[in-house]
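Line order of the protein sequences matches chains H and E.
Quick note: the first sequence uses my numbering, first residue 1, plus one each step.
Quick note: the second sequence uses my numbering, first residue 1, plus one each step.
Where a beta carbon is used, it is the ideal one built from N, C-alpha and C, also for glycine.
The structure under discussion appears below in the form of structure tokens.
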Amino acid sequence: MERYWLVAASFCFLLSFGRTLFALGSGIFRPSRFNLITMAAGFLFETAFLYEKGHAIGACPLTNLFDALIFLSWSIVLIYLLVGPAYRLSLMGAFTSPLVLSLILLALLAPLDRATPPPMHNSWVEFHAALSLIAYGAFGLGCISGVMYLVQERQLKSRKVSDLLLSLPPITELHIANGRLLFFGFILLTIAFGAGVASHMSIPETKRLASMLIWALYGCLLLARRFQLLAPGRAATASIVIFAIALLTLPSVSHLSAQ
Amino acid sequence: MNILCAGINHQVAAVDVRERFAVANHEMSDVLRRIRNIDGLTEAVVVSTCNRVEFYTASICPERALTGIRTYLESRAGFEAPLYHHDTPRSIRHLFRVASGLDSMVLGETEILGQVKDAYATAAGAGTTSRMLNRLFQSAFRVAKSVRTETRITRGSTSVGAVAVELAGKIFGDLSHRRVMVLGAGDTSERVARSLVSRGVKTVIVSNRTFARAAQLAEDIGGMAIHFDHWQNEFPDVDILISSTSAPHPVVTREKLEPMMRQRSGRPLFVIDLAVPRDVEPETNRIAGVFLYDIDSLQKIAQHSMTVRQREVEHCERIIDSHVTDFVSWLRRTQHSIR
């Protein structure tokens, strides 16, 4: 039954993405509530999956890489639902849905670690793991705003007004949203690290190094933005590259079962 | 019952003729009352804009209604109006096309819908509409909405000024806190600056080799004039540069702009180069954060938008046709039930 929730969520995200592609292709895209509604429906299905899984194992459903990918996709949608309507960044849902869909499909189809070890029942560890992935969700959305920034910048530089240019938000707003999302994720990740220290859990060296690397990279990026050492375009690129690195190191940082 | 549309627009009469028949807001109620009193006419709406004066009426005898409107307009202007007129169903189709912006001077413009809505509201307020015109105008508003959302008829901007404003919006979003510098006070740069001011820009700095001309333009658009030798001092705080000097060589070069951009804290710069020969080196577009558009690129964008709109006309006409058919069916059913 749990898997059906994920299939239903995937369908919602696919619907969101497909509808936007169709609208852009036919040149009559207009910001509407459709993306928000389909993303919210997908979020509810994912929440149902996580609830059932958590209920079944009697702990936070973050026991293996499969769980981590699902939780990360849930976090990205959570952050989107929190900030998307607030920033009114049109097309953000359209850019978010393919990333979220990819994460769910990867979790469902790839031969990943699905072993469910006995839960540790350490609330600090659970808090640390959940908050870290929500922070990654904010970084994921920061990455999406970075992609949108680069697409819009390229459109403006090319001096051709396409339907995509007319539909995307202003680059200044994308740059601001990108900075706020990264800052929000960084704060969450720092708190998550504090919770990790408070849990007294034993951490494999690879996980410690990978986590510190991601934290340091985002910290450096935020400082570079703060002191204008990076042009907005380069800052957007950096937010994409660092999130890609974060995704690649996810297997090592999320391998709770190894503890 | 017949729906009659009679009027003049930019296609049949020049502005010196149209202005003689235009109906100002303050006299609209009186005009509506007079039209409504024409023998055989039961309902009336008058749409009066800078490009058209049109009378939509419901009448038992359209010939008598048309003669009455002709006589009234002649008495108003002192000469015979070059009126066109349409009976049902062409009158219905005409209103739907007008409300959708298909009959406008600038194809697909959206201002007309607001004007038609205002005209209808005024007539409804004056009590000169009833079942027939109420239904007709509500249908027209629905048609205009369908045309706008289902086609690309309103896509992009079709003038250099509007394109510049649209691009500025795509770079900065809200323009109210943006600073604009006009370098060289030409006519086109004045129009673009005015377009930006109309979209909320509050700070405009004007610099021209002849200071008196800069001061005059600054006064006209509510800006501030500075001497041409000082424009570079003000530049770091500027967000939008409109350049149209008559200099024979580039005034803004990559060499000059790069160090200036470093002082701007990463803020983008939108450069609108309207001069021929160009004032701004094309290479500056390669600088991070600089978005350079010359007169050709702005005109190409405007032209492209117009081409896209023209391609959409057929699609719009199909939508309108289906709504006209629906309305005519309703009209027949209504008249049949009355009999």
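Contact check, F291 (chain E) vs I171 (chain E), beta carbons under 7 angstroms: Start at 1 with the first residue of the second sequence, and residue 291 (chain E) comes out as number 291. Start at 1 with the first residue of the second sequence, and residue 171 (chain E) comes out as number 171. Contact: yes.
Closer than 7 angstroms at the beta carbon, the chain E residues around R159 (chain H): Here the question's residue 159 (chain H) lines up with position 159 in the first sequence. The CB of R159 (chain H) comes closer than 7 angstroms to the CB of Y293 and S297 in chain E, given here in chain order.
Member of E:R33, E:V53, E:V31 and E:I38 whose CA lies at the smallest distance from the CA of A14 (chain E): Locating residue 14 (chain E) in the second sequence gives position 14, counting from the first residue. Minimum Cα distance to A14 (chain E) is reached at E:V53.
Neighbour-count burial assignment, L256 (chain H), 16 or more Cβ in a 10 Å radius: Here residue 256 (chain H) refers to the residue found at position 256 when the first sequence is read from its first residue. Confidence in L256 (chain H) is poor, its pLDDT being 48 and thus under 50, which makes the residue's placement unreliable; the coordinate value appears in the next sentence. With 16 or more other Cβ atoms within 10 Å, it is buried.
Burial state of G108 (chain E), where buried means 16 or more other Cβ atoms lie within 10 Å: Within the second sequence, the letter at position 108 stands for residue 108 (chain E). Taking all protein chains shown into account, G108 (chain E) has 16 or more neighbouring C-beta atoms within 10 Å of its C-beta and is therefore buried.
Reduced DSSP category for V197 (chain E) - H, G, I as helix; E, B as strand; rest coil: As a working mapping, residue 197 (chain E) is identified with position 197 in the second sequence. Reduced to three states, the DSSP call for V197 (chain E) is helix.
Cβ distance (whole Å) where P250 (chain E) is taken to contact R278 (chain E) below 8 angstroms: Start at 1 with the first residue of the second sequence, and residue 250 (chain E) comes out as number 250. Start at 1 with the first residue of the second sequence, and residue 278 (chain E) comes out as number 278. Taking 8 angstroms as the upper bound for CB-CB distance, P250 (chain E) and R278 (chain E) are in contact here, some 7 angstroms apart.
Chain-order list of residues whose beta-carbon lies under 6 angstroms from that of D103 (chain E) (same chain, five-residue window excluded): In the second sequence, counting from the first residue as 1, residue 103 (chain E) sits at position 103. Answer for D103 (chain E): R97, listed in chain order.
Minimum Cβ-Cβ distance from T265 (chain H) to chain E less than 7 angstroms: Here chain H covers residues 1 to 259 and nothing more, so residue 265 (chain H) does not appear.
Unbroken beta strand (DSSP E) run spanning G7 (chain E), endpoints: As a working note, residue 7 (chain E) is residue 7 in the second sequence. Segment N2 to N9, the beta strand (DSSP E) holding G7 (chain E).
Counterpart residues of D294 (chain E) in DSSP-defined beta bridges: Against the second sequence, residue 294 (chain E) aligns to sequence position 294. Beta-bridge partners assigned by DSSP to D294 (chain E): E:D273.
Three-state class that DSSP yields for T42 (chain E) in the structure shown: To locate residue 42 (chain E), count along the second sequence from 1; it is residue 42. Correct three-state label for T42 (chain E): strand.
Amino acids of chain H, ordered along the chain, whose beta-carbon sits closer than 9 angstroms to that of H304 (chain E): Locating residue 304 (chain E) in the second sequence gives position 304, where the first residue counts as 1. In chain order, K160 and V161 make up the part of chain H whose C-beta sits under 9 angstroms from the C-beta of H304 (chain E).
Inter-stretch contact (C-beta, 8 angstroms, three-pair minimum) for the segment 28-46 of chain E and the segment 115-125 of chain E: Judged by pairs of C-beta atoms under 8 angstroms, the segment 28-46 of chain E touches the segment 115-125 of chain E, as three or more such pairs exist.
Chain H residues whose Cβ lies nearer than 9 angstroms to that of K202 (chain E): Locating residue 202 (chain E) in the second sequence gives position 202, counting from the first residue. Result: empty, since nearest Cβ-Cβ is about 17 angstroms, beyond 9 angstroms.
Partners in chain H for P268 (chain E), counting only beta-carbon separations shorter than 8 angstroms: For the purposes of this step, residue 268 (chain E) is taken as residue 268 along the second sequence, with counting starting at 1. Here the neighbours are I171, T172 and P232.
CA nearest to the CA of F227 (chain H), picked from E:R155, E:S146 and E:S265: Along the first sequence, read from residue 1 onward, the residue named residue 227 (chain H) stands at position 227. Per the Cα distances, E:S265.
Length-filtered (3 minimum) beta strand (DSSP E) runs lying within the segment 230-266 of chain E: Counting only runs of 3 or more, we get 240-243.
Environment of R286 (chain E) [buried if 16+ CB atoms lie within 10 Å]: As a working mapping, residue 286 (chain E) is identified with position 286 in the second sequence. Flag for R286 (chain E) reads exposed.
CA-to-CA distance, T245 (chain E) to G186 (chain E), given in whole angstroms: Within the second sequence, numbered from 1, the residue matching residue 186 (chain E) stands at position 186. Within the second sequence, numbered from 1, the residue matching residue 245 (chain E) stands at position 245. Our two residues, G186 (chain E) and T245 (chain E), have alpha carbons roughly 8 angstroms apart in a direct line.
Given 8 angstroms, three or more beta-carbon pairs between the segment 242-249 of chain H and the segment 6-22 of chain E: With the cut-off at 8 angstroms, the segment 242-249 of chain H and the segment 6-22 of chain E do not touch.
Contact check, R161 (chain E) vs S195 (chain E), beta carbons under 7 angstroms: Taking the second sequence and counting its residues from 1, one reaches residue 161 (chain E) at position 161. Taking the second sequence and counting its residues from 1, one reaches residue 195 (chain E) at position 195. With the sequence shown as reference, residue 161 (chain E) is identified as Gly, and Arg is not the correct amino acid for it. One thing to note: G161 (chain E) has its Cβ within 7 angstroms of the Cβ of S195 (chain E).
Amino acids of chain E, ordered along the chain, whose beta-carbon sits closer than 9 angstroms to that of L166 (chain H): By 1-based counting over the first sequence, the position of residue 166 (chain H) is 166. In chain order, R155, G156, E166 and K170 make up the part of chain E whose C-beta sits under 9 angstroms from the C-beta of L166 (chain H).
Any C-beta of chain H under 7 angstroms from that of A288 (chain E): For this step, residue 288 (chain E) is matched to residue 288 along the second sequence. At least one chain H Cβ lies under 7 angstroms of A288 (chain E).
Residue burial classification, R18 (chain E) (beta-carbon count within 10 angstroms, cutoff 16): As a working note, residue 18 (chain E) is residue 18 in the second sequence. By the neighbour-count criterion, in which 16 or more other beta carbons inside 10 Å mark a residue as buried, R18 (chain E) falls on the buried side.
Nearest neighbour of M148 (chain H), chosen from H:A8, H:H175, H:I203 and H:C60 [CA to CA]: By 1-based counting over the first sequence, the position of residue 148 (chain H) is 148. Cα-wise, what sits closest to M148 (chain H) is H:H175.
Buried or exposed (CB count within 10 angstroms, at least 16 for buried), Q138 (chain E): Indexing the second sequence from 1 puts residue 138 (chain E) at position 138. Its Cβ having fewer than 16 others within 10 Å, Q138 (chain E) is exposed.
C-alpha distance - Q259 (chain H) paired with P204 (chain H), whole-angstrom precision: Sequence index remark: in the first sequence, residue 259 (chain H) carries index 259 (1-based). Sequence index remark: in the first sequence, residue 204 (chain H) carries index 204 (1-based). Since pLDDT at Q259 (chain H) reaches only 44, below the 50 mark, its modelled position is unreliable, and the value read off the structure follows with that caveat. Rounded to whole angstroms, the gap between the alpha carbons of Q259 (chain H) and P204 (chain H) is 7 angstroms.
Exposure of G127 (chain E), with buried meaning 16 or more beta-carbon neighbours within 10 Å: Walking along the second sequence from the start, residue 127 (chain E) turns up at place 127. The residue in question, G127 (chain E), is exposed, as its Cβ has fewer than 16 Cβ neighbours within 10 Å.
Helix, strand or coil at V53 (chain E) [DSSP, three-state]: To locate residue 53 (chain E), count along the second sequence from 1; it is residue 53. Note: V53 (chain E) maps to strand in three-state DSSP.
Cβ neighbour criterion (16 or more within 10 Å) applied to D239 (chain E): Within the second sequence, numbered from 1, the residue matching residue 239 (chain E) stands at position 239. Classification for D239 (chain E): buried.
I203 (chain H) in three-state terms, based on DSSP: For this step, residue 203 (chain H) is matched to residue 203 along the first sequence. Looking at I203 (chain H) - three-state DSSP - the assignment turns out to be coil, as it is neither helix nor strand.
Interface residues of chain H facing N340 (chain E) [CB-CB closer than 9 angstroms]: No answer is possible for residue 340 (chain E): the residues shown for chain E start at 1 and end at 339.
The segment 40-57 of chain H in contact with the segment 2-20 of chain H per 3-pair CB rule at 8 angstroms: At 8 angstroms Cβ cutoff, the stretches touch.
Paired residues, beta bridge with L183 (chain E) - DSSP: Residue numbering aside, residue 183 (chain E) sits at position 183 when the second sequence is read from its first letter. DSSP, once it has assigned bridges, lists E:S207 and E:S243 as partnering L183 (chain E).
Three-state secondary structure (DSSP) of A22 (chain E): Position 22 of the second sequence, counting from 1, holds the residue named residue 22 (chain E). Coil, per DSSP.
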